[in-house]
RNA sequence: CGGGGCGUGGCGCAGCCUGGUUAGCGCGCGUGUUUUGGGUACACGAGGCCGCCGGUUCGAAUCCGGCCGCCCCGACCA
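Numbering (this note's numbering), first residue to last: 2 to 440.
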């Protein structure tokens with residue numbers, strides 16, 4: 002994209018309503034704009050980040066064997082009456098009526114709907130297990146939305162639902178999702194820790210929250226430093242496979258033997274048993290939550306399949322959520338400095354910004370255009386008629402992993418400066434070497 | 001849902017208490033000159049239903065009432 006003709010409204014000053022770093026930076030870098038309390042429009046570069054996160058989430062769900070589908074945002078009230086949640090859910094559920102006075106709602110989650118869809122077609126245990134997911138907008142009418150997209154009313158969520166014949170199967174599905182989640186967060190450059198959690202309004206008795214560490218997190222967390230060393234992606238033959246029950250068990254054990262808890266589940270006695278040098282305390286942001294809840298919905302909604310003995314069984318279910326839009330804020334909370342955002346390479350809106358320090362200078366223009374043609378969609382070309390300082394400041398603010406600085410000083414001899422945003426390191430290199438260096 | 005606060009050009013704010021000229025400042029925006037590797041300087045200029053409705057008054061951004069919107073603290077959530 003050419004910055005001169007893009008809707009990337011960067012701000013020099015911070016809007017008054019933004020209190021925490023991610024919210025301030027998302028507004029200042031032109032990622033989002035608020036349209037109502039807790040509801041945001043995603044502007045071009047913000048939407049690129051959102052899609053990049055979505056892509057990684059999708060890849061890991063697919064790798065775990067989950068099937069992507071897409072359910073509607075608007076749901077009929079009847080389904081929720083079947084589970085009993087239409088009345089239980091309270092004011093957080095946005096209820097609407099259509100022209101025929103039919104009661105509808107904007108879905109805050111999809112257990113009822115997916116159960117309905119499964120019961121319409123799955124009739125035999127032979128069709129299980131299955132995991133389905135979608136990535137879709139949700140609405141929860143929070144009493145007090147805040148912190149920008151971290152706690153919005155409308156938010157993008159990946160929600161998955163598992164169906165198994167029995168408890169043992171459900172546990173395997175649960176572990177699969179836990180593995181997929183840890184891999185997902187690691188790819189996003191986040192250190193996430195699974196912590197035992199209350200199962201909340203969805204019900205059930207096996208539940209973990211995934212917390213990432215950030216000083217501005219909403220809850221106090223306690224954990225064993227062992228979590229700082231675990232690497233789920235790069236461990237070669239010792240790695241975990243989604244389709245191997247013993248791998249999953251080994252993984253689950255590794256995840257759950259070390260101490261980790263949010264303040265509401267904090268167990269002082271267990272904490273005292275952790276060796277003092279290994280104790281870590283901090284603030285955390287919840288970016289995912291997984292639940293096993295057994296037959297709560299399958300029983301309430303009359304979903305049965307024929308078991309091996311021909312008798313009807315209610316499938317054992319679980320649900321698994323990742324706050325995709327919240328992750329944008331969470332990633333910024335975890336990666337920024339005084340000057341702005343520092344995107345992990347995997348989700349940056351652009352791999353590099355090309356800064357033309359002197360538009361109109363023949364050598365600068367020529368080099369920039371050539372680089373832009375070569376890098377294409379990976380690059381944001383700052384072709385504005387602005388002072389160098391403005392371009393440096395905006396590039397730092399937007400947080401592109403690389404900045405390709407093209408100024409008259411080096412351009413004459415075919416050299417540009419390459420700056421790495423995360424470290425601040427700069428090197429002068431030949432123009433031709435740029436694509437390889439930032440690849 | 002309890003408590004607190006704020007709505008004045010795109011952004012950040014002053015003015016309001018003590019009603020009275022063309023509603024002001026910084027940034028941003030446009031034009032020109034200048035500067036040219038970290039948010040340059042100067043000049044000129046554009047841009048405002050002072051959140052909305054009603055009331056008081058000769059006169060309301062300012063006082064009163066109602067409504068709407070937004071933010072913060074707490075209780076709750078991906």
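Built from N, CA and C at the ideal position, the CB exists for glycine as well.
Item: Would you call the CB atoms of residue 32 and residue 50 closer than 8 Å?; Value: yes
Item: What are the start and end residues of the alpha helix (DSSP H) that includes residue 177?; Value: 168-188
Item: Taking the runs of the beta strand (DSSP E) that are 3 residues or longer, which of them lie wholly in the stretch 76-155?; Value: 95-98, 104-107, 131-140
Item: Quick check: what's the CA-CA separation for residue 8 versus residue 48?; Value: 12 Å
Item: For the 8 Å Cβ check, are there 3 or more pairs between the stretch 250-265 and the stretch 169-184?; Value: yes
Item: Using the three-state DSSP reduction, which class does residue 20 fall into: helix, strand or coil?; Value: coil
Item: Taking just the CA atoms, how far does residue 143 sit from residue 336?; Value: 27 Å
Item: I think residue 191 touches residue 407, with their Cβ atoms under 8 Å apart; what is that distance to the nearest whole Å?; Value: Contact doesn't hold; Cβ gap of about 33 Å is too wide.
Item: Distance, Cα to Cα, residue 383 vs residue 63?; Value: 37 Å
Item: Put residue 198 into one of helix, strand or coil per three-state DSSP.; Value: coil
Item: In chain order, which continuous runs of the beta strand (DSSP E) of length 3 or greater are located wholly inside the stretch 368-430?; Value: 380-383, 403-407, 416-421
Item: Does the distance from the CB of residue 22 to the CB of residue 334 come in under 8 Å?; Value: yes
Item: Do the stretch 410-417 and the stretch 388-398 meet, that is, are 3 or more Cβ pairs less than 8 Å apart?; Value: no
Item: Pull up the DSSP beta-bridge partners for residue 164, would you.; Value: 131, 318
Item: Buried or exposed: where does residue 299 fall if 16 or more other Cβ atoms within 10 Å of its Cβ makes it buried?; Value: buried
Item: Quick one: Cα of residue 372 to Cα of residue 243, how far?; Value: 41 Å
Item: Residues in the same chain with beta-carbon distance under 7 Å from residue 216, minus the five sequence neighbours each way, listed in chain order, please.; Value: 284
Item: What residues are listed by DSSP as bridge partners for residue 32?; Value: Looking at the DSSP assignment, residue 32 forms no beta bridge with any residue, so it has no partner.
Item: Candidates 386, 194, 28, 367: which alpha carbon is nearest residue 13's?; Value: 28
Item: Compute the Euclidean distance between the alpha carbons of residue 43 and residue 380, then round it to the nearest angstrom.; Value: 19 Å
Item: Give the straight-line distance between the Cα atoms of residue 278 and residue 341, rounded to the nearest whole angstrom.; Value: 33 Å
Item: Measuring CA to CA, which of 436, 353, 311, 41 is closest to residue 149?; Value: 41
Item: Check whether the stretch 87-94 touches the stretch 122-130, taking contact to mean three or more Cβ pairs, one atom from each stretch, closer than 8 Å.; Value: no
Item: Consult DSSP for residue 2 and reduce its assignment to one of helix, strand or coil.; Value: coil
Item: Beta carbon of residue 422, beta carbon of residue 343: below 8 Å?; Value: yes
Item: In terms of residues, what are the limits of the alpha helix (DSSP H) holding residue 276?; Value: Here residue 276 belongs to no alpha helix (DSSP H), and DSSP marks it neither H nor E.
Item: With distance defined between alpha-carbon atoms, name the residue in 306, 320, 175, 227 nearest to residue 250.; Value: 175
Item: Determine, using beta carbons only, whether residue 195 and residue 179 come nearer to each other than 8 Å.; Value: yes
Item: Taking the continuous alpha helix (DSSP H) assigned at residue 263, which residues delimit it?; Value: Note, residue 263: premise wrong, no alpha helix (DSSP H); beta strand (DSSP E) at 261-263.
Item: In the DSSP assignment, the alpha helix (DSSP H) including residue 54 goes from what residue to what residue?; Value: 45-64
Item: With DSSP as the reference, please indicate the residues paired to residue 266 in a beta bridge.; Value: In the DSSP output, where bridge partners are listed per residue, residue 266 has none listed.
Item: Which residues does DSSP list as the beta-bridge partners of residue 222?; Value: 263, 283
Item: Identify, in the order they occur along the chain, each residue of the same chain with its Cβ nearer than 6 Å to the Cβ of residue 170, setting aside the five sequence neighbours on each side.; Value: 130
Item: Pull up the CB-CB distance for residue 262 and residue 193, whole angstroms please, since I reckon it's below 8 Å.; Value: In fact, because the Cβ distance is near 14 Å, the residues do not count as touching under 8 Å.
Item: What's the gap between the Cα of residue 214 and the Cα of residue 136?; Value: 24 Å
Item: Can you give the Cα-Cα distance for residue 276 and residue 264, rounded to whole angstroms?; Value: 19 Å
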